[in-house]
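In what follows, a structure is listed as structure tokens, so that the remarks can point back to it.
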Amino acid sequence: MSSRPGTTGATTTVAASAEHATGAAGASGTTPERPVIATARGLVKTYGRGEATVRALDGVDVDLERGRLTAIMGPSGSGKSTLMHCLAGLDSPTVGTVVVDGETVSAMSERRLTRLRRTRIGFVFQSFNLVPTLTAEENIVLPLAVARRPVDREWFDRVVDAVGLRPRLGHRPAELSGGQQQRVACARALVSRPAVVFADEPTGNLDSRAAAEVLGFLRSSVDDLGQSVAMVTHDPTAASYAHRVLFLADGRLVTELRDPTPQAVLDTLGALTPAASAGAHPADPAHEPAGVR
Ligand SMILES: Nc1ncnc2c1ncn2[C@@H]1O[C@H](COP(=O)(O)OP(=O)(O)OP(=O)(O)O)[C@@H](O)[C@H]1O
């Protein structure tokens with residue numbers, strides 16, 4: 001796969017402010033470089049009550065750009081999955097608003113949410129979540145069958161060719177490698193031409209070669225097919241396939257990189273988790289990205 005992006009790794013300070021919370025400007029302290037596909041404003045998510053309350057999200061403002069691959073990173077427990085679940089309508093914020101493709105997800109009834117998730121949002125999970133008794137092709141078109149929508153054969157063919165699965169369409173998941181299974185899951189996420197695909201650790205169960213295939217496909221689904229993708233990952237190499245990487249710490253968006261290198265991602269993560277990075281980086285203040293607390 002050669003689609004890994006550039007080498008600049010520019011860091012932008014993220015400064016939440018009242019101005020940004022109104023939605024007048026980009027949440028990252030910069031105007032988004034492209035039209036926005038999903039927006040969160042003032043997201044707070046708490047779990048539990050009283051002394052046991054956990055503030056998983058602590059006032060997140062973010063814009064996901066249309067036609068871009070965005071990675072979400074941060075230390076364990078920083079709120080990555082919670083943010084993605086709130087953006088995807090799988091969980092509801094305690095406070096704040098989420099808008100996906102012009103629809104206010106955070107105010108929707110469960111019924112409308114279900115329809116939105118079926119028709120406008122694609123999902124890729126770490127564990128593939130394929131139906132073992134169905135072939136690759138049947139798995140790919142399953143969301144359309146469930147939603148009783150016709151298959152757009154031309155789009156199906158483009159997706160299947162992009163993901164390199166044509167010779168495997170008649171195989172069941174058990175007859176496919178892990179990387180092939182995840183590519184089936186990616187094709188399934190894209191077959192309904194969703195507004196945005198959310199991928200939660202899509203390469204967490206794959207070896208590095210299979211991971212590269214899946215990441216290359218996710219990137220080309222953006223560059224060649226015009227999709228918008230957001231993925232949570234712990235892996236700096238995976239994140240380097242993204243156009244943009246958002247970093248969370250303690251439930252807040254603290255910094256971002258555009259066109260990152262794996263090293264730039266590693267350095268930024270290291271500054272967020274000093275103990276973990278003690279051996280990996282010199283204690284050089286120049287390595288510390290702006291905006292990291
Ligand atoms: N259902 C829940 N009930 C209580 N606390 C929760 C729940 N879900 C998440 N949390 C807490 O919220 C915080 C953020 O969790 P989240 O899973 O979003 O973090 P993460 O960055 O995705 O972590 P990881 O990288 O370890 O997967 C953590 O402190 C977590 O323990």
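Numbered according to full-length UniProt numbering, the sequence shown spans residues 1 to 293.
In this text, a Cβ means the ideal position worked out from N, Cα and C, and glycines have one as well.
Tell me which residues share the same chain as V124 and place their Cβ nearer than 6 angstroms to its Cβ, disregarding the 5 neighbours each side in the sequence.
Mapped onto the sequence shown, residue 124 falls at position 124. Closer than 6 angstroms at Cβ, skipping near neighbours: A185, C186, A189, A199 and P202.
Using a Cβ-Cβ cutoff of less than 8 angstroms, which residues in the same chain neighbour L142 once the five nearest sequence positions on both sides are dropped?
On the sequence shown, position 142 is the one that residue 142 refers to. Closer than 8 angstroms at Cβ, skipping near neighbours: V131, L134 and R188.
Taking L190 as part of the alpha helix (DSSP H), name the residues at either end of that continuous run.
The residue given as residue 190 occupies position 190 in the sequence shown. Unbroken alpha helix (DSSP H) run through L190: G178 to L190.
Around the C-beta of T233, are 16 or more other C-beta atoms found within 10 angstroms, so that it is buried, or is it exposed?
For this step, residue 233 is matched to residue 233 along the sequence shown. Buried.
What residue range is occupied by the uninterrupted beta strand (DSSP E) comprising G223?
Translated into positions along the sequence shown, residue 223 becomes position 223. Gly is not the amino acid found at residue 223; the sequence shown has Asp there. Element bounds for D223: not the beta strand (DSSP E) but the alpha helix (DSSP H), S208 to D223.
Which of helix, strand or coil does DSSP assign to A264?
Taking the sequence shown and counting its residues from 1, one reaches residue 264 at position 264. The answer is helix: DSSP assigns A264 an H, G or I state.
Can you say whether residue 332 is buried or exposed, counting buried as having 16 or more other CB atoms within 10 angstroms of its CB?
Since the first and last residues shown for the chain are 1 and 293, residue 332 lies out of range.
How many whole angstroms separate the CB atoms of L113 and G77, which I take to be in contact at a CB cut-off of 8 angstroms?
Reading the sequence shown from its first residue, position 113 is the one you call residue 113. Reading the sequence shown from its first residue, position 77 is the one you call residue 77. Between L113 and G77, the beta carbon gap of about 26 angstroms keeps them out of contact (Cβ cut-off 8 angstroms).
Keeping to the same chain, check which residues put their C-beta closer than 6 angstroms to that of T273; ignore five residues upstream and five downstream.
Taking the first residue of the sequence shown as position 1, residue 273 is located at position 273. The residues are P75.
Is the CB-CB distance between V265 and S228 below 8 angstroms?
As a working mapping, residue 265 is identified with position 265 in the sequence shown. As a working mapping, residue 228 is identified with position 228 in the sequence shown. No.
Is the separation between the beta-carbon of I140 and that of P194 shorter than 8 angstroms?
Counting from one through the sequence shown, the residue named residue 140 turns up at place 140. Counting from one through the sequence shown, the residue named residue 194 turns up at place 194. No; because the gap between Cβ atoms is not below 8 angstroms, this pair is not in contact.
Backbone secondary structure at I72 - three-state DSSP
Indexing the sequence shown from 1 puts residue 72 at position 72. I72 falls in the strand class under three-state DSSP.
For I121, write down the residues that DSSP places opposite it in a beta bridge.
As a working mapping, residue 121 is identified with position 121 in the sequence shown. Partner(s): V196.
Which residues DSSP lists as bridging L64, in chain order
The residue you call residue 64 lines up with position 64 of the sequence shown. L64 is bridged to A38.
Which residues in the same chain as L206 place their Cβ atom closer than 8 angstroms to its Cβ, once the five residues preceding and following it in sequence are excluded?
Here residue 206 refers to the residue found at position 206 when the sequence shown is read from its first residue. The answer, listed in chain order, is G178, G179, Q182 and V214.
Where does residue 318 fall in DSSP's three states?
Residue 318 falls outside the range modelled here, since the chain spans only 1 to 293, and no answer is possible.
Using alpha carbons as the reference points, say which of R111, E110 and L116 lies closest to V100.
Here residue 100 refers to the residue found at position 100 of the sequence shown. For V100, the closest alpha carbon among the candidates R111, E110 and L116 is that of L116.
One or two residues paired with L130 in a DSSP bridge:
The sequence position of residue 130 within the sequence shown is 130, counting from 1. Note: L130 sits in no beta bridge, so no partner.
Which residue comes first and which comes last in the beta strand (DSSP E) that contains A249?
The residue labelled residue 249 in the question sits at position 249 within the sequence shown. Counting along the chain, the beta strand (DSSP E) containing A249 begins and ends at R244 to A249.
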